[in-house]
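A.B. asks: Please read through the structure below; I'll follow up with questions.
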Amino acid sequence: MTATPTRQRPAVNLDNSFFFESLAQGRLTIQQCTECRTHRHPPVPMCPRCHSLSWQADEVSGHGTLTTYTALYHPVLPPFVPGYLVGLVELDEGVRVVVNLEFAEDEARIGMPVDVVPQRYDDDLVLPAGYIPGRPHVVVSSTESAVAQESRS
Ligand SMILES: [Zn+2]
-2 MTATPTRQRP AVNLDNSFFF ESLAQGRLTI QQCTECRTHR HPPVPMCPRC
48 HSLSWQADEV SGHGTLTTYT ALYHPVLPPF VPGYLVGLVE LDEGVRVVVN
98 LEFAEDEARI GMPVDVVPQR YDDDLVLPAG YIPGRPHVVV SSTESAVAQE
148 SRS
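Shown next, in the form of structure tokens:
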């Protein structure tokens, strides 16, 4: 009997648990200072701008711009497939999020629009994923958990 390989789990803690819990509920939320309204990511306890400890989870659109990306070929372990893309997307709210890009390397261009959406990769794991706006949401970074979903845009 062979176990199906799964993706590594994120390190969830008191600062970032809201992010993963909202993803599991199908929402993309970003930490926002309730004093100066600055968004920040990854989550941290104190606002780097005004030093407030008060914050909220703000649901954001997921619209962003591809800042940079890389294609991984070696070493690639299951469930990933060679050439899967990892990108840094700057959301319209001004924060940058690392995501799997679920499209082909020859389609990736720095500066292109990308929609960041919650993507279920297995029964227990939902992560943010980047898609070309208007495209169906099909996971290409993994053969083991290929999932097709209707585009939400
Ligand atoms: Zn602040």
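Numbered by our numbering, the letters in the sequence shown go through residues -2 to 150 in order. Glycine is no exception: its CB is placed at the ideal position from the N, C-alpha and C atoms. Given the structure is predicted, the values throughout are model-derived calculations rather than measurements.
Leaving out five residues before and five after P7 in sequence, what residues of the same chain have Cβ atoms less than 8 Å from its Cβ?
C.D. replies: Here residue 7 refers to the residue found at position 10 of the sequence shown. Correct list, in chain order: N13, F17, L124.
A.B. asks: Between the region 102 to 116 and the region 21 to 39, can you find at least three pairs of beta-carbon atoms closer than 8 Å?
C.D. replies: Touching, yes.
A.B. asks: Which of helix, strand or coil does DSSP assign to V100?
C.D. replies: Taking the first residue of the sequence shown as position 1, residue 100 is located at position 103. Residue identity check: residue 100 is Phe in the sequence provided, not Val. F100: coil per DSSP, three-state reduction.
A.B. asks: Does DSSP classify L69 as helix, strand or coil?
C.D. replies: Indexing the sequence shown from 1 puts residue 69 at position 72. Correct three-state label for L69: strand.
A.B. asks: Nearest to Y81 by alpha carbon, out of V96, F15, D120, P42?
C.D. replies: The sequence position of residue 81 within the sequence shown is 84, counting from 1. Cα-wise, what sits closest to Y81 is V96.
A.B. asks: So the alpha helix (DSSP H) A126 belongs to, where does it begin and stop?
C.D. replies: Translated into the one-based positions of the sequence shown, residue 126 becomes position 129. Unbroken run through A126 is the beta strand (DSSP E), 122 to 128; no alpha helix (DSSP H).
A.B. asks: DSSP beta-bridge partners for G61?
C.D. replies: As a working mapping, residue 61 is identified with position 64 in the sequence shown. For G61, which the question treats as bridged, DSSP gives the partners L88, V111.
A.B. asks: Taking only the alpha-carbon atoms, compute the straight-line gap between P76 and V9 and give it to the nearest angstrom.
C.D. replies: Locating residue 76 in the sequence shown gives position 79, counting from the first residue. Locating residue 9 in the sequence shown gives position 12, counting from the first residue. Looking at the two C-alpha atoms, the distance is approximately 21 Å.
A.B. asks: Taking all protein chains shown into account, do 16 or more other C-beta atoms lie within 10 angstroms of the C-beta of E104, making it buried, or fewer, making it exposed?
C.D. replies: Here residue 104 is taken as the residue at index 107 of the sequence shown, counted from 1. Exposed, by the Cβ-count rule.
A.B. asks: Helix, strand or coil, according to DSSP, for A54 in the structure here?
C.D. replies: By one-based count along the sequence shown, residue 54 stands at place 57. In the structure shown, A54 sits in a strand (DSSP, three-state: E or B).
A.B. asks: What are the residues that DSSP puts in a beta bridge with C30?
C.D. replies: Here residue 30 refers to the residue found at position 33 of the sequence shown. Paired residue(s): W52.
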